[in-house]
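A.B. asks: Heads up: the sequence lines are chains P and C, in that order.
Going by my numbering, the first residue of the first sequence is number 234, and it counts up by one from there.
Going by my numbering, the first residue of the second sequence is number 10, and it counts up by one from there.
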Amino acid sequence: MLKITDLRARVAGRDILKGVNLEVNAGEVHAIMGPNGSGKSTLAQVLAGREDYEITGGSVTFEGRDLLALRAEERARAGLFLGFQYPVEIPGVNNVYLLKAALNAKRKAAGESEVDAYEFLALIKQKMKFMHMSESFLTRGVNEGFSGGEKKRNEVLQMLVLEPKLAILDETDSGLDIDALKVVSNGVNSLRDPQRAVVLVTHYQRLLDYIEPDRVHVLSGGRILKSGDKSLAKELERRGYDWVAGAEVA
Amino acid sequence: MSSKSEEVVALLSQKYRHGFVTDIESDSLPPGLDEGVVTAISRKKNEPPFLLDWRLKAFRHWQTMREPTWAHVHYKPIDYQDISYYSAPRAPANAPKSLDEVDPKLLATYAKLGIPLHERARLAGVAVDAVFDSVSVATTFKEKLGKAGVIFCSFSDAVRDHPALIERYLGSVVPPGDNYFAALNSAVFSDGSFVYVPPGVRCPMELSTYFRINAAKTGQFERTLIIAAEGATVSYLEGCTAPMRDENQLHAAVVELVALDDARIKYSTVQNWYPGDENGLGGIYNFVTKRGECRGRNSKISWTQVETGSAITWKYPSCVLRGENSIGEFYSVAVANNYQQADTGTKMIHIGRNTKSTIVSKGISAGHAENTYRGLVKILPSAAGARNFTQCDSLLMGPLCAAHTFPYMEVKNPTATVEHEASTSKIGEDQLFYCLQRGISAEDAVNMIVSGFCKVVFKELPMEFAVEAQNLLSVSLEGAVG
Ligand SMILES: Nc1ncnc2c1ncn2[C@@H]1O[C@H](COP(=O)(O)OP(=O)(O)OP(=O)(O)O)[C@@H](O)[C@H]1O
Ligand SMILES: [Mg+2]
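1) In its own chain, which residues sit with a C-beta less than 6 Å from the C-beta of Thr289 of chain P, not counting the 5 before and 5 after it?
2) To the nearest angstrom, how far is the alpha carbon of Pro39 of chain C from that of Glu231 of chain C?
3) Quick one: list the residues of chain D neighbouring Leu445 of chain C, beta-carbon separation under 8 Å, in chain order.
4) Cβ atoms of Ala237 of chain C and Ile274 of chain C: under 8 Å apart, would you say?
5) Determine whether the Cβ of Met361 of chain P lies closer than 8 Å to any Cβ atom of chain C.
6) Let me know the secondary structure DSSP gives Lys467 of chain P once reduced to three states.
7) Does the distance from the CB of Val490 of chain P to the CB of Lys362 of chain P come in under 8 Å?
8) On the criterion of 16 or more Cβ atoms from any shown chain inside 10 Å, does His446 of chain C qualify as buried, or is it exposed?
9) By the 8 Å beta-carbon criterion, what residues does the region 339 to 372 of chain P contribute toward chain C?
10) Is the beta carbon of Gly260 of chain P less than 8 Å from the beta carbon of Val326 of chain P?
11) Per DSSP, Tyr382 of chain C forms a beta bridge with which residues?
12) Check the C-beta distance from His377 of chain C over to Leu405 of chain C and give it rounded, since I have them as a contact under 8 Å.
13) Buried or exposed: Trp63 of chain C, going by 16 or more other Cβ atoms within 10 Å of its Cβ?
14) Only counting runs of 4 or more residues, tell me where the alpha helix (DSSP H) segments fall wholly within the region 153 to 218 of chain C, in order along the chain.
15) Compute the minimum distance between the beta carbon of Asp403 of chain P and the heavy atoms of ligand 2, and state whether it is under 7 Å.
16) Return yes when at least one heavy atom of ligand 1 lies under 7 Å from the C-beta of Val244 of chain P, else no.
17) Grouping DSSP H, G and I as helix and E and B as strand, with all else coil, what is Phe370 of chain P?
18) Name the two residues that bound the continuous beta strand (DSSP E) containing Asp402 of chain C.
19) To which residues of the same chain is Glu76 of chain C closer than 7 Å at the C-beta, ignoring the five residues directly before and after it?
20) Could you tell me which of C:Asp91, C:Gly240, C:Val386 and C:Ser195 sits nearest to Phe68 of chain C, measuring between CA atoms?
21) Residues of chain C with a CB under 9 Å from the CB of Ala242 of chain P: which are they?
22) On the DSSP bridge assignment, give the partners of Tyr443 of chain C in chain order.
23) What residue range does the beta strand (DSSP E) around Met266 of chain P cover?
24) Does chain C have any CB closer than 8 Å to the CB of Leu315 of chain P?
25) Could you spell out the range, first to last residue, of the alpha helix (DSSP H) harbouring Asp62 of chain C?
26) How is Trp79 of chain C classed by DSSP in three states: helix, strand or coil?
27) DSSP state of Phe230 of chain C, grouped into three classes?
28) In whole angstroms, give me the CA-to-CA distance for Gly134 of chain C and Leu246 of chain C.
29) Can you tell me which of the three DSSP states Gly420 of chain P falls into?
30) Does the CB of Ile458 of chain C have a neighbour CB from chain P at under 8 Å?
31) Please list, in chain order, the residues of the region 462 to 474 of chain C that have any C-beta partner in chain P closer than 9 Å.
32) By Cβ distance, which residues of its chain are closer than 6 Å to Glu377 of chain P, with the 5 residues on each side in sequence left out?
33) Determine the direct distance from the alpha carbon of Thr426 of chain C to that of Gly186 of chain C, and round the result to whole angstroms.
34) Keeping to the same chain, check which residues put their C-beta closer than 6 Å to that of Val329 of chain C; ignore five residues upstream and five downstream.
35) Quick check: does the Cβ of Met271 of chain P come within less than 7 Å of any heavy atom belonging to ligand 1?
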């Protein structure tokens, strides 16, 4: 589904990604771990099409298409979803309005008609229940005044409504209380199916107890230094990143 | 500058849609200004002697005054002798009695502006007093209003039919010598609207006037006077547009509102004068004095404005809160794009006890524009228990524009409370990217973000105009904001 080959990117004159290789197949869940500042979010944003990053080399294909040739909104409509590490607030724009616009943009791109308002409301209410979110979040401004954990839940809610083929979740588990972690994990697991894939960026092995990954990678200094199965996460927790990255860790 | 902000800048370079000139013979005075011109205007309009005297006094005062320079705007000196002070569509032998008799070209102009008089009047129940250049040409719904006792007519008609009201209230809120542009207006004003709502009457419909500057080199000097008597309620909307021309045009209007005991006046403006092209050529100079006086107790005056046009805007709709417990409100969205300069805000003068005022100002700047909020909250010693809340937010789109905030406060009564909040934010690349990542186009995303920013102000507009304001906003920022 996703194939990253020798991807290099820089921002503000600094090379951040220095040759990333990664292949994610449909049906798989991958976890990316790694020290602060190693380039995890950069990788996620580059994949989602943020233009502040200059691609200096390599290639990415998504379902066989050249991902880097698509604009951010085209990538989204093609089924790529990014759960942001820091979801931004958009004051005055209803949460539900944004979601509806997003869903309709995707449907339009697929040649489908706009979603019926009643159906949409029913759908979103059901998903909100699943995410243990109160309906008051429908009409509040997008992330406006949401707590850290509420923002993360809202990201997962959006993911559930948009049903992406590939979800990249950047530290969606950070800042969640224990119950919320379960709720969010349930959300992600509910989306798991043979046609979809998930990439989890996380610092905590705990998340991987709830969402079992097929592969775990360590990104350090802009490269994937080590890959393994879920036991790698456990080992990392015990031995720290020095064990993998040695002198390369900042 | 990232490529995203370039895109934002490109998106902003949307063309003005109302730039066309109606080819109608007009009856105009040649350019120039002296006592003879002032007298000629008054004669053309068959005004009573008190009004001619009033104009001449204002003119003499104006001659002693200097153009103000304190506003944060820059423009070449205006040559007041190069402006024609009167231009009227040539009246057919007998004036139109119904819309069918109105020059079809004129009606087509209104249609292009998106105000089909017939539809609007009939469907929306809006009475439109359309001012074309200087003379009011069509007034609808006069009858229905008449039944309620509401007077809604052109200023000239009011001078003819209700001279006592004019003599009593004209200049009672904005005295002729108030400021340079008000004095000029008082001398040469040509027409405008007049509203009188009698005691206890709730005006049965929204009143609306569309102004439009058509003839080249004409300054437009409207005069609007709205009086809500004891316990009366009225909502008035003014919309403005002007054709595209390379030279700048001057617009110096005066609006006076008077609210007596328990009266309410809501005055909404959607202003879309030609802003000049993307290089800053042409456009309207909008120097307007708008002031309302809450003369009676428990009265309320509320200004809502959506300003998207004009090359230069100099405008401070204000409230004089004289009556006890009276309330003044100011809700504003000011958009400045390309080379537009906006210096706008409000003044709230608290005189009576327990008077309250609320100011919410949203400034949006894009391109090379300069957007300034200038507000004064003045609490006099007599205003025990007065309260003010002010909120000013600025939104910057692209790296080349600027926003300035000048809140002035003079509090002379220790029991008063004054609160001020201000913020400046960039239209977030982050917000934009967030929307894009959800599959939403750049254009839709910008509209969404900007409307969200302006929401609290749009909420204050009469329903049928809120949509229009929103459309206008997206037109003026089209491509700008995605
Ligand atoms: N726009 C930017 N301008 C300058 N430096 C940037 C920018 N974006 C990222 N960087 C730098 O790139 C490096 C990688 O950042 P990134 O956010 O990808 O790290 P991360 O692995 O996600 O870290 P964390 O675990 O703390 O979230 C950091 O040193 C960061 O400061
Ligand atoms: Mg990160």
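Every residue, glycine too, gets a C-beta built ideally from N, C-alpha and C.
C.D. replies: To lay it out plainly:
1) Arg241 and Arg243
2) 19 Å
3) The chain inventory of the structure shown lacks chain D, comprising the protein chains P and C.
4) yes
5) no
6) helix
7) Because residue 490 of chain P is not part of the residues shown, which for chain P are 234 to 483, the question remains open.
8) Rather than His, the amino acid found at residue 446 of chain C in this sequence is Gln. Classification for Gln446 of chain C: buried.
9) Lys339 and Ala342
10) no
11) C:Thr353 and C:Thr414
12) 12 Å between Cβ atoms; not a contact.
13) buried
14) 164 to 170, 172 to 178 and 189 to 197
15) yes
16) yes
17) helix
18) Arg396 to Met406
19) Tyr189
20) C:Ser195
21) Ordered by position in chain C, no residue passes the 9 Å Cβ test against Ala242 of chain P, which lies about 14 Å from the chain.
22) BP columns for Tyr443 of chain C are empty, so no partner.
23) Val262 to Met266
24) yes
25) Pro58 to Gln72
26) coil
27) coil
28) Unreliable positioning characterises Gly134 of chain C in this predicted model, as indicated by a pLDDT of 43, which lies under 50. The coordinate reading is nonetheless provided below. Roughly 13 Å between the two C-alpha positions.
29) helix
30) yes
31) Phe462, Cys463, Lys464 and Val465
32) Glu322 and Pro324
33) 32 Å
34) Glu302 and Ile358
35) The sequence shown places Ser at residue 271 of chain P, not Met. Checking the Cβ of Ser271 of chain P against ligand 1 gives yes.
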